[in-house]
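Participant:
Residue numbers (the UniProt record's numbering): 1 to 387.
Here it is in structure tokens:
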């Protein structure tokens with residue numbers, strides 16, 4: 001049977017089996033969507049829905065191992081913040097001060113041995129130190145946990161971000177509680193470096209700064225990886241839309257509290273929802289997340305004035321650039337703020353999007369207008385006081 005015969009058979013309704021050119025990935029996605037809907041139909045518990053969807057979608061999450069049960073126990077009130085911080089940090093501190101229970105000394109020395117051959121003796125010594133004899137090498141305890149600092153940090157931050165997805169951003173107290181935990185981790189003293197730190201080990205990016213908690217090591221890469229979980233499938237469910245808005249609110253909370261300088265994610269959220277020409281389903285997926293940034297940051301976002309033009313576009317790209325319909329400055333600025341306000345207002349009046357999308361857009365637009373009016377009143381009061 002030729003391809004044309006297959007096409008004719010399909011058009012005639014005589015071909016019951018899938019055509020040979022059907023995309024198996026599309027079939028798999030359709031099956032995943034059915035499984036997700038079955039989960040949603042089976043329970044009304046939002047966190048349970050998000051846990052199941054995360055597994056089916058392949059999101060970055062570790063909800064059943066390591067840090068996540070501790071964080072969930074803290075969020076449910078079974079652990080106070082100090083106990084949760086201790087339980088989360090102690091395994092990481094131990095790994096750090098022992099260089100992954102001695103394993104990283106050997107790994108770093110192997111890297112150094114490969115690198116020394118590219119330099120003369122003096123430069124190799126300057127860069128990598130002298131080769132270590134076998135005897136002084138730290139002995140690896142085979143009974144020690146098979147953990148690494150990097151792996152445990154990935155696990156910690158993915159767990160916090162996942163719990164953030166499960167925490168409604170409209171529940172300000174719960175979101176604040178999760179932010180309190182991250183803030184408490186940041187206030188911890190950094191663990192001491194491994195004893196007998198070698199020059200080779202000091203090159204490793206986990207140990208090179210000497211910091212774990214004060215700079216929230218690995219939170220940045222974890223958040224960037226998590227951003228790949230943004231809704232992009234053809235069929236997106238309501239729990240997925242809510243989860244994306246929730247974690248956007250959490251990241252906005254990092255910014256609002258000065259926990260992390262993640263302003264660029266605000267631009268990305270706004271661009272996806274307001275600055276491109278998205279499909280209706282994309283508006284439904286992204287507008288609530290963009291609105292969450294307004295709810296959390298408000299005046300801080302209005303007051304921000306920052307040029308985001310890339311200094312090295314060939315290497316860095318242009319992450320702060322506008323979308324297809326925003327032609328203003330690549331910056332946080334009043335022109336962009338005004339564009340966002342109008343875009344939210346326009347979306348709030350569309351009848352082809354979900355009611356929840358219209359409501360989120362309307363709420364964001366009104367919050368932005370309130371911020372502007374407060375600024376005008378503040379300026380007026382300042383003017384009168386000067387006179």
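Beta carbons are placed, not taken as given, at the ideal position from N, Cα and C, and that holds for glycine. As the structure is a computational prediction, the values presented were derived from the model and not from experiment.
Classify residue 331 as helix, strand or coil using the three-state DSSP reduction.
Facilitator: Correct three-state label for residue 331: strand.
Participant: Does the distance from the C-beta atom of residue 357 to that of residue 288 stay below 8 angstroms?
Facilitator: Taking 8 angstroms as the Cβ cut-off, residue 357 and residue 288 qualify as a contacting pair.
Participant: Go ahead and label residue 258 buried or exposed: buried means 16 or more other beta carbons lie within 10 angstroms of its beta carbon, across all protein chains shown.
Facilitator: Under this definition residue 258 is an exposed residue.
Participant: Would you mind sorting residue 322 into buried or exposed? The rule is 16 or more other CB atoms within 10 Å of its CB.
Facilitator: It counts as buried.
Participant: Taking DSSP as the reference, what is the three-state secondary structure of residue 352?
Facilitator: If DSSP states are grouped into helix, strand and coil, residue 352 belongs with coil.
Participant: Roughly how many whole angstroms lie between the Cα atoms of residue 343 and residue 226?
Facilitator: Distance between the alpha carbons of residue 343 and residue 226: 26 angstroms.
Participant: Could you tell me whether the region 104 to 124 touches the region 208 to 215, using the rule of 3 or more Cβ pairs below 8 angstroms?
Facilitator: Short answer: they don't touch.
Participant: Is there contact here, the region 267 to 278 with the region 187 to 199, by at least three beta-carbon pairs under 8 angstroms?
Facilitator: They do not touch, by the three-pair rule.
Participant: Mind listing, in chain order, the continuous beta strand (DSSP E) runs of no fewer than 3 residues lying wholly within the region 69 to 136?
Facilitator: Counting only runs of 3 or more, we get nothing.
Participant: Go through its chain and collect everything with a Cβ distance to residue 39's Cβ below 7 angstroms, but skip five positions before and after it.
Facilitator: Cβ within range, chain order: 49, 52, 53.
Participant: Taking Cβ positions, are residue 59 and residue 282 nearer each other than 8 angstroms?
Facilitator: Contact: no.
Participant: If you drop the 5 nearest sequence neighbours on each side, which residues of the same chain put their C-beta closer than 7 angstroms to that of residue 363?
Facilitator: So the qualifying residues of the chain are 291.
Participant: Does the contact criterion of 3 or more C-beta pairs under 8 angstroms hold for the region 231 to 246 versus the region 157 to 173?
Facilitator: Cβ pair count under 8 angstroms is three or more, so yes.
Participant: Pull up the distance between the alpha-carbon of residue 370 and that of residue 260, whole angstroms please.
Facilitator: Residue 370 and residue 260: Cα-Cα distance of roughly 26 angstroms.
Participant: For residue 360, I'd like the list of residues in its chain whose CB is within less than 6 angstroms of its CB, leaving aside the five on either flank, ordered along the chain.
Facilitator: Cβ within range, chain order: 287, 288, 291.
Participant: Going along the chain, which residues of its own chain have a beta-carbon closer than 6 angstroms to the beta-carbon of residue 336, five neighbours each way excluded?
Facilitator: Counting only Cβ-Cβ distances below 6 angstroms, and skipping sequence neighbours, we find 328.
Participant: I need the straight-line Cα distance from residue 176 to residue 79, nearest angstrom please.
Facilitator: For residue 176 and residue 79, the distance between alpha carbons rounds to 16 angstroms.
Participant: Using the three-state DSSP reduction, which class does residue 282 fall into: helix, strand or coil?
Facilitator: Correct three-state label for residue 282: helix.
Participant: Span of the alpha helix (DSSP H) holding residue 180?
Facilitator: Element bounds for residue 180: 172 to 186.
Participant: Which residues in the same chain as residue 93 place their Cβ atom closer than 6 angstroms to its Cβ, once the five residues preceding and following it in sequence are excluded?
Facilitator: For residue 93, where only same-chain residues beyond five positions count, the Cβ hits under 6 angstroms are 191.
Participant: With three or more beta-carbon pairs closer than 8 angstroms as the criterion, would you say the region 148 to 155 touches the region 175 to 189?
Facilitator: No, they do not touch.
Participant: CA-CA distance, residue 234 and residue 265?
Facilitator: Computed Cα separation, rounded: 23 angstroms.
Participant: Going by DSSP in three states, residue 368 sits in which element: helix, strand or coil?
Facilitator: Three-state DSSP puts residue 368 in a helix.
Participant: Work out the CA separation of residue 123 and residue 107 for me, nearest whole Å.
Facilitator: Looking at the two C-alpha atoms, the distance is approximately 21 angstroms.
Participant: Got a sec? Which residues, its chain only, sit under 8 angstroms from residue 317 by beta carbon, not counting five neighbours each side?
Facilitator: Contacts found: 310.
Participant: Roughly how many angstroms separate the alpha carbons of residue 164 and residue 120, rounded to a whole number?
Facilitator: Answer to the nearest angstrom: the Cα atoms are 51 angstroms apart.
Participant: Kindly indicate which residue of 366, 213, 34, 347 has the alpha-carbon position closest to the one of residue 86.
Facilitator: When each option's Cα is compared against that of residue 86, the closest is 213.
Participant: Just mark residue 118 as buried or exposed, buried being the case when its beta carbon has 16 or more other beta carbons within 10 Å.
Facilitator: Label assigned to residue 118: exposed.
Participant: Taking the straight line between their C-alpha atoms, what separation do you get for residue 353 and residue 37?
Facilitator: If I take the Cα positions, the gap works out to 20 angstroms.
Participant: Can you find the residues in the same chain that come closer than 6 angstroms, C-beta to C-beta, to residue 367, ignoring five residues on each side of it along the sequence?
Facilitator: Once the five neighbours on either side are set aside, the close Cβ partners of residue 367 are 294.
Participant: Determine the contact status of residue 297 and residue 269, defining contact as a CB-CB distance below 8 angstroms.
Facilitator: The answer is no: Cβ separation not under 8 angstroms.
Participant: With a threshold of 7 angstroms (Cβ to nearest heavy atom), would residue 356 be considered close to the ligand GTP?
Facilitator: No copy of the ligand GTP occurs in the structure displayed, which carries no ligand at all.
Participant: On the CB-based measure, 16 or more other CB atoms within 10 Å of its CB, does residue 205 come out buried or exposed?
Facilitator: With fewer than 16 Cβ atoms within 10 Å of its Cβ, residue 205 is classed as exposed.
Participant: Would you report the Cα separation of residue 330 and residue 66, rounded to the nearest angstrom?
Facilitator: Going from the Cα of residue 330 to the Cα of residue 66 covers about 41 angstroms.
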